[in-house]
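Remarks on the structure that follows.
Numbering (this note's numbering), first residue to last: 989 to 1261.
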């Protein structure tokens, strides 16, 4: 054998530290990766796909006897769905996480901006309105899926209207609704339900005739933060597909140095066996 020829030496096996035994006897409920920016597809109510970018969190449980989990495997699972991520794929993705990471439970969260076309109330000027949405899915002994939507609205203070000789103060309200349901509920349904409960909804484009309309509508429909959370609650109770909900309402007050807040959470009794 010449000096220029070499014999390849076998690569020694690398230690699998994550699979080493841990003696502290502490089971971890969630371990994984957070804040992954990833392209996703979301179906709108017309059935067409909407492309957006999600902020993804992925977790599994870890039995007490394992030292750690394999973080790279989360990304391997996610990248398997490149260009094909959708709500319908979530059960399959969760099952892949369970199998790939040898886990009893898996959790997948994705937050993204969802756009709806919206027309101004008088002129009909159309543009896209953004809403912040979260899907929170889990698989294990029980399957779970929670849809959360944040809807910005206008609220006008009933007290200000009652006591003032001229006008009333109003503010931007942020209504966060989370729901569990027994049949598909569209993002658009939650948005429309919340906007119908407000003093007035928001629009991406308003001309002068539109501004007059929304100003007068808000004045004719005053809402305390308590009114908003109650009105949204009544509408969610009346939605036959919804089984559980949370409603957070926060008014970004225009004349106070604080925000006003109200919250309701309910399981809906449908009177069914």
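Built from N, CA and C at the ideal position, the CB exists for glycine as well.
In or out: residue i buried (at least 16 other Cβ within 10 Å) or exposed?
| i | result |
| --- | --- |
| residue 1191 | buried |
| residue 1249 | exposed |
| residue 1273 | Nothing about residue 1273 can be read from this structure; the chain reaches only from 989 to 1261. |
| residue 1239 | buried |
| residue 980 | There is simply no residue 980 to check, as the chain begins at 989 and stops at 1261 in what is shown. |
| residue 1235 | buried |
| residue 1244 | exposed |
| residue 1059 | exposed |
| residue 1221 | buried |
| residue 1223 | buried |
| residue 1045 | buried |
| residue 1095 | buried |
| residue 1101 | exposed |
| residue 1186 | buried |
| residue 1014 | exposed |
| residue 1145 | buried |
Would DSSP call residue i helix, strand or coil?
| i | result |
| --- | --- |
| residue 1069 | coil |
| residue 1017 | strand |
| residue 1191 | coil |
| residue 1226 | coil |
| residue 1154 | coil |
| residue 1062 | helix |
| residue 1257 | coil |
| residue 1241 | coil |
| residue 1118 | strand |
| residue 1206 | helix |
| residue 1200 | helix |
With distances taken Cα to Cα, identify the nearest neighbour of residue i among the options.
| i | options | result |
| --- | --- | --- |
| residue 1349 | 1235, 1158, 1182 and 1196 | Shown here, the chain extends from 989 to 1261; a query on residue 1349 therefore has no answer. |
| residue 1201 | 1023, 1110, 1230 and 1099 | 1110 |
| residue 1082 | 1104, 1127 and 1033 | 1127 |
| residue 1230 | 1047, 1242, 1172 and 1046 | 1172 |
| residue 1170 | 1132, 1152, 1077 and 1179 | 1132 |
| residue 1215 | 1163, 1079 and 1102 | 1163 |
| residue 1024 | 1155, 1047 and 1105 | 1047 |
Less than 9 Å between the C-beta atoms of residue i and residue j, yes or no?
| i | j | result |
| --- | --- | --- |
| residue 1099 | residue 1042 | yes |
| residue 1108 | residue 1198 | yes |
| residue 1089 | residue 1062 | yes |
| residue 1125 | residue 1093 | no |
#### Entry: Stretch-stretch touch, CB-based, cutoff 8 Å, three pairs: the region 1060 to 1078 with the region 1110 to 1119
Note that the region 1060 to 1078 does not touch the region 1110 to 1119; fewer than 3 beta-carbon pairs, one per stretch, sit closer than 8 Å.
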